[in-house]
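The block underneath contains the structure these notes are about, expressed in C-alpha cells.
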Amino acid sequence: MTTADYISTLSFQYGNEVNGENSLDTLPAAPKLIAEREADMRIERLNQVWGHADATVRNLSHKYRRLWDGAITELADYKGTIYVT
Numbered sequence: 001m002t003t004a005d006y007i008s009t010l011s012f013q014y015g016n017e018v019n020g021e022n023s024l025d026t027l028p029a030a031p032k033l034i035a036e037r038e039a040d041m042r043i044e045r046l047n048q049v050w051g052h053a054d055a056t057v058r059n060l061s062h063k064y065r066r067l068w069d070g071a072i073t074e075l076a077d078y079k080g081t082i083y084v085t
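According to the UniProt record's numbering, the stretch in the sequence shown is residues 1 to 85, in order.
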C-alpha cells in the first residue's frame, strides 16, 4: 500500500479530536475587567491579555478547552500590574 492509498483510507470528522472529545459550541466567558486609573488604556491592555491567553488555549485539546471556561474570572490592572483571579 502506498502512502497516498493509506491517506485516502483515513476519515476525518470535523469537530472531533483523536481522543473523541467534541469541540465547544460556545466561546468561553470573558472575565470581569477592572482598571483604576487611565481606564480606557488599561482596559484595552486587559483585553489584549485575555485575547492572547484565549488564543493560546484554542491551540490545545478540546478537553482542556472545556476546563478553560471560567478559569479566569477577573483581570485587574492596578498601577501597571495585572492581577489574575
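C-beta: ideal position from N, C-alpha, C; glycine also.
D77, enclosing beta strand (DSSP E) - first and last residue: As a position in the sequence shown, residue 77 is number 77, starting the count at 1. 74-78 is the extent of the beta strand (DSSP E) around D77.
Figure out for me which residue from E38, I43, L24, D25 has the closest Cα to the Cα of K32. For the purposes of this step, residue 32 is identified with residue 32 of the sequence shown, where counting begins at 1. Taking only the C-alpha atoms, the option nearest K32 is I43.
I believe Y64 touches E36 by the beta-carbon criterion, under 8 Å. Please report the beta-carbon distance rounded to the nearest angstrom. By 1-based counting over the sequence shown, the position of residue 64 is 64. By 1-based counting over the sequence shown, the position of residue 36 is 36. 33 Å between Cβ atoms; not a contact.
Residue span of the alpha helix (DSSP H) that contains A53, given as start and end: Here residue 53 refers to the residue found at position 53 when the sequence shown is read from its first residue. Where A53 is concerned, the enclosing alpha helix (DSSP H) stretches over 39-58.
Would you kindly check if the distance between the Cβ of E74 and the Cβ of T85 is under 9 Å? Within the sequence shown, the letter at position 85 stands for residue 85. Within the sequence shown, the letter at position 74 stands for residue 74. The answer is yes: Cβ separation under 9 Å.
What span of residues does the beta strand (DSSP E) with L33 cover, start to end? Translated into the one-based positions of the sequence shown, residue 33 becomes position 33. Run containing L33: 32-35, per the beta strand (DSSP E) assignment.
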